[in-house]
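Participant: Below is a structure I'd like to ask you about.
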Amino acid sequence: DQQVKQNSPSLSVQEGRISILNCDYTNSMFDYFLWYKKYPAEGPTFLISISSIKDKNEDGRFTVFLNKSAKHLSLHIVPSQPGDSAVYFCAAKTSYDKVIFGPGTSLSVIP
Amino acid sequence: EAGVAQSPRYKIIEKRQSVAFWCNPISGHATLYWYQQILGQGPKLLIQFQNNGVVDDSQLPKDRFSAERLKGVDSTLKIQPAKLEDSAVYLCASSTGETQYFGPGTRLLVL
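Top line first, the protein sequences correspond to chains A and B.
Reading the first sequence from the start, the letters are residues 450 to 560 in our numbering.
Reading the second sequence from the start, the letters are residues 851 to 961 in our numbering.
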């Protein structure tokens, strides 16, 4: 039972354009959401998070949007840079339980 | 600040053999996690420690996997005996709050 879904295994975007990575979840009790970025042969690194009391959080080129009614969140990267090429994991948790990771989306930013 | 250290980085063993992984978390981080990441999937929590006590080991296959965190700092994860399906990257992470900091992982191949 996959509680966190990332339905696009891969995404290619031109440098300078916007990258939009999508994530859907099934557990309405999730109240905290995170995005992690992973380069090959390295562990995931934290990118940005959002609490369920907000619908948007911004950090530089990265913005996360949360639509609770649709159980959907998205990560926007603008402008995209070649160094953003990596696997992006969406993750979610409740206040009392473990973090659940999605399967990841591999982003390629083409120079 | 030093990150999460893991060793070895790579390990190849035959099925039914034993293997152990080591993790040194970020100094001062009370919470330590072991994750299993199978190719094409997101990390799955195996066990979570708070200091040297187990908080969650509900997804740890206890017939073959064991983990300990003596003195509340370093941790070891052991598999005995290994099966083919244990081939994965084993990630260690530590945290003081919501954000987890991951080590580079140990890539295990069981032949």
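The beta carbon of each residue, even a glycine, is placed where N, CA and C say it ideally should be.
On the criterion of 16 or more Cβ atoms from any shown chain inside 10 Å, does residue 945 of chain B qualify as buried, or is it exposed?
Facilitator: The residue is buried, with at least 16 neighbouring Cβ atoms inside 10 Å.
Participant: Indicate whether at least one CB of chain B lies closer than 7 Å to the CB of residue 509 of chain A.
Facilitator: No, no contact with chain B.
Participant: For the putative contact between residue 555 of chain A and residue 465 of chain A, defined by C-beta atoms under 8 Å, what is the C-beta separation to the nearest angstrom?
Facilitator: That pair is no contact at about 20 Å.
Participant: Output the distance between the C-alpha atoms of residue 939 of chain B and residue 488 of chain A, rounded to the nearest integer angstrom.
Facilitator: Cα to Cα, the separation comes out at about 14 Å.
Participant: Just the C-alpha distance for residue 522 of chain A and residue 472 of chain A, rounded to the nearest angstrom, thanks.
Facilitator: Distance between the alpha carbons of residue 522 of chain A and residue 472 of chain A is about 5 Å.
Participant: Is the closest heavy atom of the ligand SAH to the C-beta of residue 877 of chain B under 6 Å?
Facilitator: Among the components of this structure there are no ligands whatsoever, and the ligand SAH is therefore not found.
Participant: Looking at the C-beta of residue 495 of chain A, does it have a partner C-beta in chain B at a distance below 7 Å?
Facilitator: Residue 495 of chain A counts as touching chain B.
Participant: Using a 10 Å radius around the Cβ and a threshold of 16 neighbouring Cβ atoms, would you call residue 858 of chain B buried or exposed?
Facilitator: Residue 858 of chain B comes out exposed.
Participant: With DSSP collapsed to three states, give me the class of residue 903 of chain B.
Facilitator: Reduced to three states, the DSSP call for residue 903 of chain B is strand.
Participant: Who are the Cβ neighbours of residue 544 of chain A in its own chain at under 8 Å, not counting the five residues just before and after it?
Facilitator: Excluding sequence neighbours, residue 544 of chain A sits near 480, 481.
Participant: Distance, Cα to Cα, residue 542 of chain A vs residue 865 of chain B?
Facilitator: Each residue's alpha carbon lies about 34 Å from the other.
Participant: Does the separation of the CB atoms of residue 854 of chain B and residue 861 of chain B fall below 7 Å?
Facilitator: No, they are not a contact pair.
Participant: Taking the alpha-carbon positions, what's the residue 454 of chain A to residue 532 of chain A distance?
Facilitator: Taking the straight line from one Cα to the other gives about 25 Å.
Participant: As a quick exercise: from A:537, A:475, A:493, A:501, pick the residue whose alpha carbon is nearest that of residue 886 of chain B.
Facilitator: The candidate whose alpha carbon is nearest that of residue 886 of chain B is A:493.
Participant: According to DSSP, is residue 948 of chain B helix, strand or coil?
Facilitator: In this structure, residue 948 of chain B counts as coil in the three-state DSSP scheme.
Participant: Determine the DSSP secondary structure at residue 517 of chain A, reduced to helix, strand or coil.
Facilitator: DSSP places residue 517 of chain A in coil when its eight states are reduced to three.
Participant: With a cut-off of 8 Å on the beta carbons, I'd call residue 941 of chain B and residue 893 of chain B a contact; round off their distance for me.
Facilitator: About 6 Å; that satisfies the 8 Å criterion.
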